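Using full-length UniProt numbering, the letters of the sequence shown correspond one by one to residues 1 to 989. What follows is one structure encoded as structure tokens, with my remarks underneath.
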Amino acid sequence: MALDSAMGLPELSVAGSDLRPHEVEQLQDGRIQVADDSLLCRWDYDPQARRFHFDAMAGRLFGWRADERQPSLDQLASRVASDERPALIARFANRGGGSPLPGHPLHVWNAELGCWIVVKVFAYAQSLAGGPRFVLKGFCLDITRQQESEETLRRYRTLLAAPSSLGHMWYWSINYADGHYETSDNSLLLLGWPDGTSRIPEAEFRARIHPEDLPHIIARRQSALRDDKPTEIDYRFWQIAQQRWIFLRSLFFFVRDPAGSPVTLYGFTQDITRHKEAEAALAKERQRIESAQVLGRMGTWSFDIGRRVVRVSRSTLNMLGHDSPGDALMGEEESLANLHPDDRQSVLKAINRSCLTFEPFSMEYRRWHYRENRWVHLKSSAHVVRDADGVPYEVQGFTQDITRQKENEQHLRFAASVFEHGRSLIVITDIERRIIQVNPAFCELTGFSADEVIGRRPGELIRTPVAADCRPGNFWFPLLRAGHWSGELPCRHKNGEPFTLAVNFSAVRNESGEIGHFICVGDDVTQQKAAERQINHLAYFDPLTQLPNRVRFKEQVDLAIRQASRDGHELALLFLDLDYFKHVNDSLGHSAGDQLLVEVAGRLRAAVRASDTVGRLGGDEFMVLLPIGGHQAARCVADKLIEALGQPFQIDAMALTVTSSIGISLFPRDGDHYDALLRAADAAMYKAKDAGRNTFLDFVPEMNDMALKRLTLSNELRQALPRRELLLHYQPQVALDDGRLIGVEALLRWQHPEWGMISPAEFIPVAEESGLIEAIGAWVIEEACQQAVAWDQLGLPELSMSINCSTRQFLEPQALLDTVRTALRRSGLPPARLELEITETLIVQDIAKTQWLLEQFRALGVRIAIDDFGTGYSSLYYLKRLPIDKLKIDQSFVRDLVANPDDRTIAATVATLGHSLGLRVIAEGVETAEQLQILETMQCDEGQGYLWSRPLPAGQFIAWYRGTYGAPERAGLPQVGARLRQRHYGRTD
């Protein structure tokens with residue numbers, strides 16, 4: 001059916017072309033296809049009812065629901081743009097004629113998308129059967145994307161209509177159909193193509209783009225295609241005529257067909273080479289300025305007085321630890337935030353005063369450096385800028401980091417203070433080594449005034465013969481070569497008194513790298529050198545006798561062995577030990593013993609030649625090294641020594657006679673090194689004592705049997721624990737006031753299957769030397785704790801368990817502590833019932849380590865007793881300081897308690913001392929009732945010894961207890977005390 005021209009319906013453009021009459025029929029029948037993404041809906045209109053009917057496609061096109069697809073004419077008009085409504089209503093209300101529909105597209109609101117869409121309307125009239133009535137039928141096609149592309153194109157065409165107004169700018173297009181780059185006028189001439197060229201293949205254009213920029217252009221094109229938005233990019237382009245790279249800036253966009261496919265790329269380009277060159281020059285200048293500011297540690301800033309805003313340069317920000325790419329704007333308070341609190345008010349006053357007086361100002365202050373987390377010192381200078389009316393509107397200034405300057409000033413002040421007040425001598429000389437300045441310490445140390453030494457050389461002050469390595473020439477040459485020299489120089493005071501300087505010379509170079517001055521810093525080490533000599537003497541010589549000590553004597557023997565080996569000579573080593581020297585100490589005191597040792601050393605030196613060496617190993621042991629030939633000569637010297645020492649000594653106005661025993665070993669017969677010779681001489685000396693003392697013996701190999709026995713004993717002892725040969729005996733400990741059994745002491749025994757019972761005095765030293773004491777000690781503690789708990793289960797009273805600790809165990813305090821903890825935990829014995837006995841000597845060996853361990857035991861609840869008190873050396877200070885519970889009077893004092901008044905005095909003193917310190921006191925080795933009575937008068941708390949019982953195995957101990965105290969369940973304490981007194985003392989009071 002033909003279009004109804006009376007309706008004035010325009011022809012509809014579908015997919016970019018107008019429909020012809022025969023295409024309308026095809027469109028009605030659905031024989032014309034549109035692009036897949038185009039929206040096309042059908043409708044019809046009843047003029048009489050003034051109502052439209054749209055098909056379901058209207059829901060997609062306009063976002064209408066099903067109940068909205070039959071709108072009246074007025075309802076439809078309300079959904080289109082307001083300026084298009086009158087023409088729409090007039091057209092459809094005419095029914096058969098009226099004004100035509102405007103030529104521009106129709107804008108309809110899509111409520112679902114919330115935007116306007118553009119449609120073109122196609123309509124035709126259709127008569128109804130049986131009368132003149134007709135209806136209008138038509139189609140609506142979505143042309144929104146096409147409309148937007150055309151609008152963009154029109155906008156840029158208008159913009160590019162006069163490119164000359166923008167300078168070096170042209171528009172261009174790339175047709176996707178043939179892939180050519182096309183431009184108007186003669187723009188390609190600017191890019192280096194021949195005059196008159198306006199169309200080239202795009203590939204040819206691309207070939208001139210810088211290789212580094214081409215990927216970015218392609219990526220931006222893809223972005224523009226995806227986002228459907230104009231895109232701008234700068235890139236480099238090869239100007240072939242000028243043979244150089246130029247800079248271009250292009251803005252481009254895509255135009256699509258109604259189906260949405262891109263058909264043409266439009267854009268315009270401007271030559272921005274001069275702009276880029278200007279930017280580069282400006283950036284270079286800024287970089288130069290910033291570099292100068294960085295080198296000078298400077299930066300700029302300005303303060304807008306009206307806006308109260310501060311602009312800070314990048315270099316200033318970097319100066320404070322900010323990584324800023326450029327300048328920064330900040331408020332007034334923000335700019336003051338990192339000021340030191342003490343400087344804030346002075347900074348504000350300086351700025352305000354300058355604004356009032358218009359005078360420049362300069363000031364120093366501190367700010368916080370964020371990266372280094374410290375205050376830095378800054379110096380700012382600024383001036384006020386005024387407008388034409390003289391009103392100040394800005395403060396401009398620069399800031400310099402003067403932290404290094406401040407630090408240098410502080411260092412200079414410190415150096416000046418050290419120079420003036422330091423105790424070290426300081427001398428400054430010129431290149432000719434003439435003194436130009438000295439400090440007060442120099443004058444005080446040398447006695448010379450500054451005026452007396454200025455102009456003189458330091459060498460003139462060294463007025464004593466010096467060692468070769470300290471001669472001036474020997475340190476000036478290294479000083480010139482290496483720039484420093486240190487050593488010691490002997491000098492003399494102005495009054496002639498000698499002293500020694502430890503000096504350090506340094507060469508100071510000027511800016512040209514040449515030496516300009518020398519600085520000498522020195523200290524008086526005269527006393528230090530004397531102390532070093534004294535320390536060295538103490539390290540190698542016995543402080544009592546002044547004889548070479550063990551270390552020095554060994555060095556002498558080693559040297560003599562090397563010489564004798566080289567020359568084929570023999571050596572003799574004499575090991576001398578005084579007989580019964582302990583009796584001298586015990587009877588006359590240690591002071592008398594020391595005097596005797598000094599006298600012995602003097603007689604030994606007098607009895608040998610100057611080429612012989614006499615040394616003291618320690619105690620009453622002396623060694624003599626004789627570089628002689630044959631053992632007969634050595635025997636003669638030994639006999640001479642015994643005779644010399646056999647003469648009476650006058651000690652404290654008392655004639656004292658002592659004897660000595662000497663063992664002799666020969667090199668190389670008895671050994672080829674010091675240790676072998678010492679062992680041989682030691683063995684011979686002990687055999688001499690066994691032979692009756694006051695004699696000498698040569699070493700013979702049979703004397704090694706004793707050493708072999710000790711080795712065998714050590715090997716057997718290693719198997720004693722696994723073979724269960726070790727056992728414990730227990731000796732009772734009794735309260736002296738009522739005779740109660742209060743505890744036992746566990747004593748170690750070794751029952752060897754072949755040798756029988758071995759004394760602890762014989763195998764305990766071997767265990768300590770071989771390192772077995774730790775394992776044995778741990779077994780003793782574990783076994784004793786288990787036994788105490790086992791007796792509890794048999795009904796015995798809760799006894800304390802006393803155990804001796806070895807010195808070797810205390811060398812590993814943590815291991816001993818762990819052993820005790822483990823034993824208590826496994827056995828269940830309360831810690832308060834475990835008592836550890838230590839010796840006096842152990843206390844003073846390492847007081848810090850001992851105190852720590854004893855405090856750990858105290859915290860655990862374990863009690864501590866000092867064994868054999870009075871036989872060793874212990875400070876009362878340590879005794880009071882350490883956590884000790886009990887003192888044990890040694891049996892050596894108890895043994896002669898009745899007959900020896902000195903032993904009674906010592907025992908009484910120990911008891912009194914212990915009670916004054918709040919400690920309990922126990923006496924060991926009590927064997928008689930007389931000893932017990934004396935101990936009771938001393939108010940001794942506890943006793944232990946054969947008076948009650950010898951040490952017993954666990955089974956025999958139970959029998960002893962029952963026989964002494966009766967059945968455990970019947971053992972009342974008062975009856976126990978009475979029974980004991982009746983048995984031992986013959987009384988019950």
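We treat Cβ as the ideally placed atom computed from N, Cα and C, and that holds for glycine. Just so it is clear, the structure is predicted and the values come from calculations on it, not from any experiment.
How is residue i classed by DSSP in three states: helix, strand or coil?
i	result
I561	helix
Y873	Because the pLDDT of Y873 is 49, which lies under 50, any placement of that residue in the model is unreliable, and the question is left without a value.
R550	helix
L879	helix
R669	coil
S82	helix
K494	coil
N186	coil
D903	helix
Y540	helix
A111	coil
T144	helix
L796	coil
N804	strand
F763	helix
I32	With a pLDDT of 40 at I32, under the threshold of 50, the modelled position of that residue is not reliable, and the figure given next carries that caveat. Reduced to three states, the DSSP call for I32 is coil.
W64	coil
A467	With a pLDDT of only 42 at A467, under the threshold of 50, the placement of this residue in the model should not be trusted; the figure read from the coordinates follows. Residue state, collapsed to three classes: coil.
N504	strand
Do you know whose CA, among the options, lies nearest residue i's CA?
i	options	result
S198	Y965, I218, I174, E212	I174
E783	L829, V395, S565	L829
P897	R863, K886, D867, Q933	Sequence inspection shows Leu at residue 897; the Pro mentioned does not correspond to that position. L897 has its Cα closest to that of Q933, out of R863, K886, D867, Q933.
L799	K529, W791, L189	W791
T264	D271, F254, P258	F254
A911	G925, L935, L547, A899	L935
I454	C443, L445, I436	I436
Q939	H915, L947, S949, R256	H915
H369	M319, P360, G196, A350	M319
N233	D304, L214, H583, A81	It is Ile, not Asn, that sits at residue 233 in the sequence shown. When only C-alpha atoms are compared, the closest one is L214.
For residue i, list the residues DSSP reports as bridge partners.
i	result
K137	D44, Y124
A93	BP columns for A93 are empty, so no partner.
A382	F361, G397
L329	R311
F499	C491
R723	Note: R723 sits in no beta bridge, so no partner.
D867	T839
V614	V624
Can you give the beta carbon distance from residue i to residue j, rounded, assuming they're within the 8 Å contact cut?
i	j	result
V503	L489	6 Å
R85	A77	5 Å
V780	A746	6 Å
R456	R492	R456 to R492, Cβ: 14 Å. No contact.
T613	Q556	5 Å
L816	Q809	5 Å
L697	G671	Incorrect: roughly 16 Å between the Cβ atoms, too far for contact.
A655	A607	No, A655 and A607 are not in contact; Cβ-Cβ is about 20 Å, not under 8 Å.
D542	R616	4 Å
residue 994	G59	In the structure as shown, the chain starts at 1 and stops at 989, and residue 994 therefore has no counterpart that could be examined.
S665	A681	4 Å
L727	P951	Contact flag wrong, Cβ pair sits at about 11 Å.
Beta strand (DSSP E) containing residue i: first to last residue?
i	result
H517	515-524
W172	169-175
S266	Per the sequence shown, the amino acid found at residue 266 is Tyr instead of Ser. First-last of the beta strand (DSSP E) with Y266: 262-271.
S302	298-304
G945	Segment: none, G945 is in no beta strand (DSSP E) and carries neither H nor E.
How far does the alpha helix (DSSP H) with residue i in it reach, from first residue to last?
i	result
T964	954-965
Q243	Run containing Q243: none; DSSP gives neither H nor E here.
L747	Taken as a continuous stretch (DSSP letters only), L747 belongs to no alpha helix (DSSP H), being part of the beta strand (DSSP E) at 741-752.
F857	847-860
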